[in-house]
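Note sheet for the following structure.
Numbering (the UniProt record's numbering), first residue to last: 1 to 468.
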């Protein structure tokens with residue numbers, strides 16, 4: 001919440017300080033920065049999912065550094081493209097793209113905390129990151145640094161936030177193996193994780209899965225090896241002649257299992273790339289209007305429309321915590337269907353509240369942003385409706401990433417293509433532009449949510465096999 005409020009304040013003050021003549025450039029560059037943050041958003045989701053499934057912190061950090069290097073290379077190539085398309089300076093375009101690699105690292109650390117259910121530490125990191133990005137940018141704007149100066153200051157703040165987030169994540173997890181069970185608690189010293197029921201090791205006992213018998217006991221009742229394994233007992237508790245050797249061997253195997261290092265399973269980049277295309281479709285659909293607006297509207301109306309999208313972003317990001325909290329449950333086969341239904345229901349309810357709130361608070365908009373933005377106050381609720389619909393779409397697509405059904409993003413890509421075509425062909429006013437955005441988002445979200453809810457009712461065979 002702190003990060004979101006800080007972001008809204010940045011755009012509100014930028015709209016007032018840059019005026020209607022300069023705000024559209026800043027808003028368009030922020031939209032580009034959001035698109036460049038797609039790999040970061042995908043990184044957090046994939047890391048959280050892999051941590052839930054038992055990946056180590058070292059494995060996911062190795063993956064996030066590889067992805068950050070790839071993002072940096074792509075950002076360098078895109079700088080001149082963005083400068084030409086948006087008709088901005090190269091320095092400003094570089095400022096918008098420069099934060100992308102640091103965002104990947106920052107989001108990876110957030111994913112480690114999210115997947116481990118360390119939500120208090122995650123909240124601290126999110127608040128710190130939002131403040132670190134916005135405070136320097138506000139200072140740069142106040143000192144007359146313009147759009148480019150503000151974006152560069154924000155990029156430096158993100159770099160610092162990524163460093164601090166890494167330290168918080170390491171101190172929180174204690175560099176222990178992160179476990180992927182329902183409680184997502186780390187495996188403690190002397191403990192071997194073998195299934196859903198986790199019991200501590202007692203004097204050399206190795207706890208396997210719930211249906212696995214120890215080496216020293218052939219029955220269903222599991223008796224620990226005590227006193228160095230010199231004697232073993234039957235299920236009735238009596239001493240069994242001739243089993244001391246078996247017990248000793250079982251103890252040796254137990255100690256070997258405890259002391260042997262668990263091989264680190266590498267986490268590949270491919271799952272991140274699959275999640276990236278899902279997040280890219282969502283972010284493009286939520287941001288493309290801010291890019292098209294500079295093509296189809298004049299500078300003044302483009303700035304007014306851009307300021308109206310603050311209501312869109314509030315409604316879009318306001319319920320972000322819903323996905324953050326429920327995502328680990330979405331990634332677990334036994335809880336996925338219920339978590340998806342809960343998420344979409346809560347997101348829809350919050351969206352209704354956001355739209356009503358925007359309609360009620362609309363007369364206050366000119367007081368905060370300036371009289372030049374009065375023409376959009378009557379349709380401010382439409383911008384909020386756009387964001388509320390996109391928030392539901394985000395929840396549906398997050399569930400698709402959690403259960404690795406990323407092909408569903410094709411619907412969003414088709415919606416994006418339709419929206420761009422309609423806007424370029426017919427949108428020549430602010431009202432027409434936002435009506436087009438709302439309509440396409442509503443149809444796309446309805447289709448995606450219907451597919452997600454339908455598939456959530458079916459058991460996922462591959463996860464059942466993986467659980468075994």
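From the three backbone atoms N, C-alpha and C, an ideal C-beta is built for every residue, glycine too.
Assigned secondary structure, residue i (DSSP; H/G/I helix, E/B strand, else coil)
| i | result |
| --- | --- |
| residue 228 | Only weak support exists for where residue 228 lies, its pLDDT of 40 falling under 50; the value from the coordinates is given anyway. Helix, per DSSP. |
| residue 405 | coil |
| residue 87 | coil |
| residue 58 | helix |
| residue 262 | Because residue 262 sits at a pLDDT of 46, beneath the cut-off of 50, its placement in the model cannot be relied upon, and the point is left open. |
| residue 366 | helix |
| residue 151 | helix |
| residue 378 | helix |
| residue 451 | helix |
| residue 146 | helix |
| residue 435 | helix |
| residue 10 | helix |
| residue 333 | coil |
| residue 429 | coil |
| residue 174 | coil |
Residue i: first and last residue of the uninterrupted alpha helix (DSSP H) it sits in
| i | result |
| --- | --- |
| residue 101 | 100 to 115 |
| residue 424 | 409 to 426 |
| residue 329 | 320 to 330 |
| residue 308 | 299 to 317 |
| residue 39 | 38 to 52 |
| residue 342 | 336 to 361 |
| residue 136 | 119 to 142 |
Exposure of residue i, with buried meaning 16 or more beta-carbon neighbours within 10 Å
| i | result |
| --- | --- |
| residue 144 | exposed |
| residue 429 | exposed |
| residue 118 | buried |
| residue 262 | A caution first: residue 262 carries a pLDDT of 46, below 50, which makes its placement in the model unreliable, though a value can still be read off. Residue 262 should be labelled exposed. |
| residue 120 | exposed |
| residue 171 | exposed |
| residue 58 | exposed |
| residue 334 | exposed |
| residue 107 | buried |
| residue 136 | buried |
| residue 401 | buried |
| residue 349 | exposed |
| residue 417 | exposed |
| residue 378 | exposed |
| residue 146 | buried |
| residue 301 | buried |
| residue 352 | exposed |
| residue 398 | buried |
| residue 454 | exposed |
| residue 345 | exposed |
| residue 440 | buried |
| residue 367 | exposed |
| residue 319 | buried |
| residue 328 | buried |
| residue 364 | exposed |
| residue 74 | exposed |
| residue 356 | exposed |
| residue 504 | It is not possible to answer for residue 504, since the shown part of the chain is limited to 1 through 468. |
| residue 149 | buried |
| residue 392 | buried |
* Asked: Is the stretch 408 to 419 in contact with the stretch 438 to 448, if contact means three or more CB pairs nearer than 8 Å?
  -> yes
* Asked: Would you call the stretch 54 to 72 and the stretch 123 to 131 touching, i.e. three or more CB-CB distances under 8 Å?
  -> no
* the stretch 423 to 442 in contact with the stretch 289 to 307 per 3-pair CB rule at 8 Å -> yes
* Asked: Are the stretch 68 to 75 and the stretch 91 to 102 in contact at 8 Å, needing three or more beta carbon pairs?
  -> yes
* To do: Please determine if the stretch 365 to 372 and the stretch 433 to 446 are in contact, where contact requires at least 3 C-beta pairs separated by less than 8 Å.
  => no
* At a cut of 8 Å, does the stretch 27 to 47 reach the stretch 268 to 288 through at least three beta carbon pairs? -> yes
* Using 8 Å as the threshold, is the stretch 78 to 85 in touch with the stretch 307 to 325, meaning 3 or more CB pairs across them? -> no
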